[in-house]
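The structure appears right after this line, and notes come after that.
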Amino acid sequence: MIDRRSTVISVRGEQGSAIVNVHDRQGGVMCEFDPRCSGPDHLVDDALALIADGRWAITGVLGDAARSPMTYTTGLTEHGRPELVMTGLPPDLAGVLLEHAARSVIADRSFGPGSDVPARLRRPVRFRAVDVIDSEPMRLTRIVYGRQFDAVQLVWPDDDGRYPWQPGYSIPTQVQPLLGVPVAEAA
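The structure is reproduced here in structure tokens:
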């Protein structure tokens, strides 16, 4: 049995989400749909309650030997903004970063693919927004909205400030897989 109740991480934001739900890739399904689970994890109900309250949910998917971890939002669509997703970072860290990014994106009406979101990790960084082509891994968001939502991946740079599509990027591609194609950069 998989007990997912022990993998819920709380994140308290000023206006944003209240819960980061973390689940693993066992069969690629959430507990509501997986008979191996010890009980429902209430992921859908929790997300709908947050959305009804004007907030959003953040869901983390643990990585495994074949895939990197992934964390994404559900509910920014209600604010007229694209959903956000990050790959390659532990869900607890990505959840905090997405919470901050979501507040920034809601405030910045010009945000879209090619935009930057400032953040601070070991040093100040800028996450670059890439239009998501493959939203299949965003299971909770797809349950809530079907295929009727926009999403952007927030891509993080290597230690030298290069992104995966730039020459000399130093992080292996499987660590931070891209879910879309970046906007062409001006020469």
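Anchor point for the sequence shown: position 123 equals 129 in the numbering used here, and the numbering is continuous, going up by one each time. We treat Cβ as the ideally placed atom computed from N, Cα and C, and that holds for glycine.
Checking the sheet assignment: what are the DSSP bridge partners for Ala63?
Residue mapping note: residue 63 aligns to position 57 of the sequence shown, counting from 1. Beta-bridge pairing links Ala63 to Thr80.
State the DSSP-derived secondary structure class of Asp122, mapped to helix, strand or coil.
Taking the first residue of the sequence shown as position 1, residue 122 is located at position 116. In this structure, Asp122 counts as strand in the three-state DSSP scheme.
Quick one: measure Cβ to Cβ for Thr80 and Gly101, integer angstroms, because I've assumed they're closer than 8 Å.
Here residue 80 is taken as the residue at index 74 of the sequence shown, counted from 1. Here residue 101 is taken as the residue at index 95 of the sequence shown, counted from 1. That belief does not hold up - the Cβ atoms of Thr80 and Gly101 are roughly 12 Å apart, past 8 Å.
Comparing C-alpha positions only, which one of Phe155, Phe133, Val131 sits nearest to Glu142?
Start at 1 with the first residue of the sequence shown, and residue 142 comes out as number 136. That would be Phe155, whose Cα lies nearest to the Cα of Glu142.
Determine the extent of the alpha helix (DSSP H) in which Arg132 is found, giving its start and end residues.
Within the sequence shown, residue 132 is the residue found at index 126, counting from 1. Run containing Arg132: none in the alpha helix (DSSP H); it sits in the beta strand (DSSP E), 130-137.
Contact set for Pro88: own chain, Cβ-Cβ below 6 Å, skip 5 residues either direction:
On the sequence shown, position 82 is the one that residue 88 refers to. For Pro88, where only same-chain residues beyond five positions count, the Cβ hits under 6 Å are Asp156, Ala157, Val158.
Please list, in chain order, all residues of the same chain as Ser12 whose beta carbon is under 6 Å from its beta carbon, the five residues on each side excluded.
Within the sequence shown, numbered from 1, the residue matching residue 12 stands at position 6. For Ser12, the predicted model reports a pLDDT of 30, less than 50, meaning its position is unreliable; a value from the coordinates is still stated below. Closer than 6 Å at the Cβ level, and outside the excluded window around Ser12, lies no residue.
Does the beta-carbon distance from Gly94 to Val187 come in below 8 Å?
In the sequence shown, counting from the first residue as 1, residue 94 sits at position 88. In the sequence shown, counting from the first residue as 1, residue 187 sits at position 181. No, the pair does not count as a contact, with Cβ atoms beyond the cut-off.
Identity of the residue in Pro178, Ser74, Leu90 nearest Pro119 by Cα:
Your numbering for residue 119 matches position 113 in the sequence shown. For the residues Pro178, Ser74, Leu90, the minimum Cα distance to Pro119 belongs to Leu90.
Return the bridge partner residues of Ala196 from the DSSP annotation.
The question about residue 196 has no answer here: the residues shown for the chain are numbered 7 through 193.
What are the start and end residues of the alpha helix (DSSP H) that includes Pro97?
The sequence position of residue 97 within the sequence shown is 91, counting from 1. Element bounds for Pro97: 97-113.
Spatially closest choice to Pro163 from Arg148, Ala125, Ala190, Ile149, by CA coordinates:
Taking the sequence shown and counting its residues from 1, one reaches residue 163 at position 157. Cα-wise, what sits closest to Pro163 is Ala125.
How long is the line joining the alpha carbons of Arg148 and Thr83, rounded to whole angstroms?
Position 142 of the sequence shown holds residue 148. Position 77 of the sequence shown holds residue 83. One C-alpha to the other measures close to 12 Å.
According to DSSP, residues forming a beta bridge with Gly152:
Counted from its first residue, the sequence shown places residue 152 at position 146. Beta-bridge pairing links Gly152 to no other residue.
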